[in-house]
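Numbering (the UniProt record's numbering), first residue to last: 1 to 121. Glycine residues also receive a C-beta, built at the ideal position from the N, C-alpha and C atoms. One structure is given here, and the rest of the page talks about it.
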Amino acid sequence: ADLRASGMRCGRRRVARLMRAAGLRGCGRRRSLRTTTPDRAAPPAPDRVERAFAPAQVGAPDRLWLADISYVATGEGWLYLAVVLDAFSRRVVGWAMDDLCWPKTPSASMPRVCPRLWSHA
Numbered sequence: 001a002d003l004r005a006s007g008m009r010c011g012r013r014r015v016a017r018l019m020r021a022a023g024l025r026g027c028g029r030r031r032s033l034r035t036t037t038p039d040r041a042a043p044p045a046p047d048r049v050e051r052a053f054a055p056a057q058v059g060a061p062d063r064l065w066l067a068d069i070s071y072v073a074t075g076e077g078w079l080y081l082a083v084v085l086d087a088f089s090r091r092v093v094g095w096a097m098d099d100l101c102w103p104k105t106p107s108a109s110m111p112r113v114c115p116r117l118w119s120h121a
């Protein structure tokens, strides 16, 4: 595609042959990760905070925490990162990593959050 964009005429097979002769290989597509299997019949999850995520709507620190799981592709496989954020300050208040995505992965970040809060009491 880059060769055609620069005005050079070339065929796919010729490019493949020249790359093979030079010992080059194209980059493969990334593997996709299926994270959930949706149940179309299930009702939607309740919106318990009514989309009030802005600091002005939250009002003070440690009133609303947001949690999420990110999937990071590594050379050895997938890494699962669970993060807990304070909605008011936007600071990370807890996190956990694992090479397996268990239901406990998000809650595994809680021991790192709670001692921080209890130490101020």
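Around the beta-carbon of Gly94, 16 or more other beta-carbon atoms lie within 10 Å, marking it buried. Boundaries of the beta strand (DSSP E) harbouring Ala82: Gly77 to Asp86, taken from the DSSP string.
Taking C-beta atoms as the reference points, Pro61 and Asp86 count as a pair closer than 8 Å. Each residue's CA atom was taken as its position, placing Asp68 and Val83 some 6 Å apart. Assignment of Met19 by DSSP, reduced to helix, strand and coil, places it in the helix class. Counting of Cβ neighbours within 10 angstroms places Ala41 among the exposed residues, the total staying below 16.
The shortest CA-to-CA distance from Val92 to any of Ser6, Val49 and Trp65 is the one to Trp65. In summary, Tyr80 is buried, with 16 or more beta-carbon neighbours lying within 10 Å of its beta-carbon over all protein chains present.
By the neighbour-count criterion, in which 16 or more other beta carbons inside 10 Å mark a residue as buried, Ala52 falls on the exposed side.
Under the three-state reduction of DSSP output, Ala67 falls in the strand class. For Asp62, no alpha helix (DSSP H) encloses it, and the DSSP letter there is neither H nor E.
The three-state secondary structure of Asp47, taken from DSSP, is coil.
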